[in-house]
Amino acid sequence: MESLLDLPNTVRTDIDNQFQQLARSEHLEHSKTRAVFMDHTKTQLDSRVCHSIIESLHFPTRTVRHETIPEAHKRTFEWIFRDPVIDGKPWSNFVDWLKSGDGIYWINGKAGSGKSTLMKFIVDHDQTSELLGVWAQGTSLETPSFFFWKHGHEDQRSQEGLLRSLLYDVLRKCPALVPSVFPDVWERNFKLTSQNVSPVLSTWTLTKLKHAFARLVTCKTIRISFFLDGLDEYEGDHVELAEYFGQLACSDHVKLCVSSRPWPPFQDAFQNCRGLKLQDLTSGDIKQYVEDKINENANMALLKRRMPVRSNFFVDNLIWKAEGVFLWVTLVVKSLLKGLSHRNDLETLEKRLDSMPPDLENLYSHMLSSIDSHDMEKGSKLFQLFEACDSDKDLQLIYVALNGATAEALSSPLAMSEHKSEELQQAQFDSMFEEMNIILQACCGGMIEVTILDDEIYKSWRQGRLSYIHRTVSDFLSKPEIWNEILRHTSNASWFPQKSLLSSSVICLENFILPGLEARKESVYYVEYQWACFCDHASDFAIRGVVSDDDCTNLTEDFDRAATNVAHSCFWNQSDAKTKFNHWSNYITQPTLPRQDFLSLTADCGLWFYVKHRLKEDPSLVAHRLEVPLLAHSLLRFESSILYTELFFMTASVILSFSADPNEVFRGHSCWQYWVTILHTKGQVLGPRYDHNFKAITVEMLRAGADLTLGCLKGRTALRDLYRELWTEDGFRDRYVFIFIQMHHLVDHSEEAWRDSNQNDKFCRHERVLFAERENLPFGERHCLKAVIEDAFRERDPEGADEILQLIEELEAKEASEECEVPIRERKRKRLEEDVE
């Protein structure tokens, strides 16, 4: 009976226990789920941050040199993977070095001996990785490479470019290493990303890159074999570079295969390293090349049947004269094949060979003198256009500059077709390519060649690049007596290469329209590419005075009209017509401040001559802008290639000369305060070559009435946030823009960066503020104007710092002495407050 009475309590207890157990189980499952979710979220954030950091290391020309080096001729250079016994001239066993060696393997040789071709052969060969796998002993293996190029972009010939490229190569395959290679950058950006803030990536200075690279080569989880070609094409100090590589090679996890000419800095550094002297080892390769090119020629085969002994002696003599210089053989064989095509007999071929100078320099003189006198004027123009193009030798641009609007490919129905298919576009390019090859052979003696680069974005119209057949051609042509002789053939012509190049961009836009599939996207890329070429050339030519300001201005207006026509034909639609500023430049992915008109774009791009022309026509254009002051377009730029050069100062100076107000406010701050912030951040890390421009524009703005009471902005990301806010407001969410901004935004504006300046109370009145407590970031600081000047100039340019500080004191004294009902300073502050409201 009692058990029956107790039954409900027992059941209740059991039920309670079951509920508690269920609750505990549910809580445990929820905890596991949350942990899995948090781990997944953390992994996603980590991946996002690592990807942003890795992509910021990339630059467009990173692999161009590797792509333009010719492939090794069939069955040549294969000896590098065999035992080193050739005619009693052994070399350090390369296979043994790959499998078990350490330190540096040095490939050296004469100019033109084939060092770059051999390095490309090694880098691309499957056996290289297989043999290095033995050395790696099961550890993760990476084989990054870099090919220096003296005549390429700055990134292709500098240590910054080298380190960025190598870091990118390794980290894109091993992203898990990013936190250990860039610990501070990763930690800061992981915190930002976890708070739903975009990653913030600083400008990559050489110091930062060296520190990161030092961490990379000490990672014990991977082994790295670097392949570095053309050390003699590095633009910096060769002694320092060689010493740097020697230090890297001390690591057990790293080794390097390098190539260069046998110059003293490299001989001193690498003389005790394993290696080889290339010109002593290529006789077999040269014989293989000659036999394939000469002996397989039908006319030569006929001569060999008639005179076999003499023919073999002729080939042997050719190989002997080469002295291991592959380039010499290549050029001479071309001449001999030309003779064979003209049915030269063996005696004539022998005379042709004997007439060839045994060294490259005299061979180039021979090639130049062999150009027909009727072709020399066009050849002279081509050489001048090639040099005027600086580093981007675009086939289409030079072709049109040479031929003008009369170019056959341009004036044909194919070029002007309204419905060109991709096949027709390729046919047009092929026609231009073939014609240019013929012109280069006839008019330049074969010293310039066309290279094809594959590009998925820009497609056929950007595939062609012109280049010298070898760096030694540039060395030869740069001699004053040689270059003056080339110029002589156009001295009587009213022709200027620089102006022709500017006109070429306009003509290309007027004729090379790309309708059809994906016409909108391709046409936008095309216009953007031509605009970039035009700006680079126009600004450079105007500064050097080789093209007049008036001509540059007129051509700028011509370009605008041509680009507008392309926009109407290809990528504008009905909705575009309703925008407040309907202009082709709206579609450019360049992250600048929102533009009101074409004048804003030219200020963005540093076309000071056009800005000056327009403001002379209508001075009121400098004021009453809709949102962004014209001065801001020249001041607040991310691209250091434009922002910190002479163009930047000249454009800003022109705008200030037309009474632009440095205190004009937009988005809560004046142009002047934004500039002071730039001065205190990015100006600190760009090096002494930029100091003159920074000082000059600071003085100009002070003389134009800049507010002496304003210092730098609080916080560390004011300018980046400004750009992100403005672009988002305008509905422009192109991923490229945000990645670009992340890559080029200001360096950290943190407390540690300016600790030394706190020593001097005379110049420092810091107001400490918490930038963002929720993000747990360090304190930012607001610095007064004099503190900024001290930090920016004192160390590198003490006289410049004194000059600016003296000017500030003079202006302060002038303000204090002026008798006004309202002090100037208060009036400016009042105007600032009114503008903000």
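Everything in the sequence shown is counted per my numbering, starting at 1 for the first residue and increasing by one. Where a beta carbon is used, it is the ideal one built from N, C-alpha and C, also for glycine.
Segment limits, beta strand (DSSP E) that includes residue i
i, result
"Phe77", "Taken as a continuous stretch (DSSP letters only), Phe77 belongs to no beta strand (DSSP E), as it is neither H nor E."
"Phe146", "145-147"
"Phe227", "222-229"
Local Cβ density within 10 Å of residue i, reported as buried at 16 or more and exposed below that
i, result
"Cys389", "buried"
"Asp169", "buried"
"Pro70", "exposed"
"Phe213", "buried"
"Asp618", "exposed"
"Trp754", "Residue placement at Trp754 is poorly supported in this model, since its pLDDT is 35, which falls under 50; the coordinates are not used for a value here."
"Gly138", "exposed"
"His744", "Only weak support exists for where His744 lies, its pLDDT of 39 falling under 50; the value from the coordinates is given anyway. So His744 ends up on the buried side."
"Ala242", "buried"
"Leu302", "exposed"
"Val473", "buried"
"Gln20", "exposed"
"Arg164", "buried"
Sequence-distant residues of its chain with Cβ nearer than 8 Å to residue i (five each side left out)
i, result
"Thr651", "Ala603, Gly606, Leu607, Trp608, Val611, Ser634"
"Leu852", "Since the first and last residues shown for the chain are 1 and 837, residue 852 lies out of range."
"Leu385", "Ile398, Ala401, Leu402, Pro497, Ser500, Leu501"
"Phe383", "Cys444, Ile448, Leu477, Ile486"
"Gln127", "Phe81"
"Val788", "Val676, Leu679, His680, Gly711, Cys712"
"Leu337", "Lys293, Ile294, Asn297"
"Ser158", "Tyr234, Glu235, Gly236"
Residue i (DSSP reduced to helix, strand or coil)
i, result
"Gly103", "strand"
"Ile439", "helix"
"Ile507", "helix"
"Tyr468", "strand"
"Gly275", "strand"
"Trp449", "According to the sequence displayed, residue 449 carries Glu and not Trp. In the structure shown, Glu449 sits in a strand (DSSP, three-state: E or B)."
"Cys784", "coil"
"Leu256", "strand"
"His58", "coil"
"Ser670", "strand"
"Asp394", "strand"
"Asn108", "strand"
Other residues of its chain near residue i: CB distance less than 7 Å, five sequence neighbours each side excluded
i, result
"Ser817", "none"
"Phe182", "Ile53, Ala212"
"Ala322", "Ile286, Trp328, Val329"
Span of the alpha helix (DSSP H), counted from its first residue to its last, around residue i
i, result
"Val546", "Taken as a continuous stretch (DSSP letters only), Val546 belongs to no alpha helix (DSSP H), as it is neither H nor E."
"Glu700", "691-703"
"Glu361", "360-369"
"Ile122", "115-124"
"Leu141", "Taken as a continuous stretch (DSSP letters only), Leu141 belongs to no alpha helix (DSSP H), being part of the beta strand (DSSP E) at 140-142."
"Pro798", "798-817"
"Arg157", "Premise fails: Arg157 is in no alpha helix (DSSP H) and is neither H nor E."
"Val333", "326-341"
"Arg215", "206-217"
"Tyr234", "No alpha helix (DSSP H) holds Tyr234; DSSP gives it neither H nor E."
"Lys612", "608-617"
"Phe649", "646-657"
Residue i CB to nearest heavy atom of the ligand MN below 6 Å
i, result
"Ala706", "For the structure depicted, the ligand MN is absent and the ligand set is empty, with no information on it obtainable."
Pick from the options that is closest to residue i, judged by C-alpha positions
i, options, result
"Lys334", "Met307, Met300, Ser260, Gly446", "Gly446"
"Asp475", "Leu360, Arg667, Lys220", "Leu360"
"Leu171", "Phe147, Leu132, Asn693, Arg215", "Arg215"
"Tyr399", "His470, Leu363, Cys508", "Cys508"
"Ala660", "Ser467, Phe266, Asp126, Leu615", "Leu615"
"Val95", "Leu276, Gln156, Phe146, Leu209", "Leu276"
"Phe598", "Ser620, Asn565, Glu557, Val524", "Glu557"
"Leu708", "Glu810, Gly464, Asp184, Val566", "Glu810"
"Asn484", "Met436, Ser380, Asn511", "Ser380"
"Asp102", "Pro60, Phe314, Ser225, Cys174", "Ser225"
"Pro803", "Ala704, Ala567, Thr698", "The sequence given here places Glu at residue 803; Pro does not occur at that position. Looking at the Cα atoms, Thr698 is the closest of the given residues."
Neighbourhood of residue i by C-beta distance below 6 Å, restricted to the same chain and skipping five residues each side
i, result
"Asp797", "Asp691"
"Trp97", "Tyr105, Arg274"
"Asn17", "none"
"Leu631", "Ile655, Ala660, Cys671"
"Pro357", "Leu363, His366"
"Ser600", "His633"
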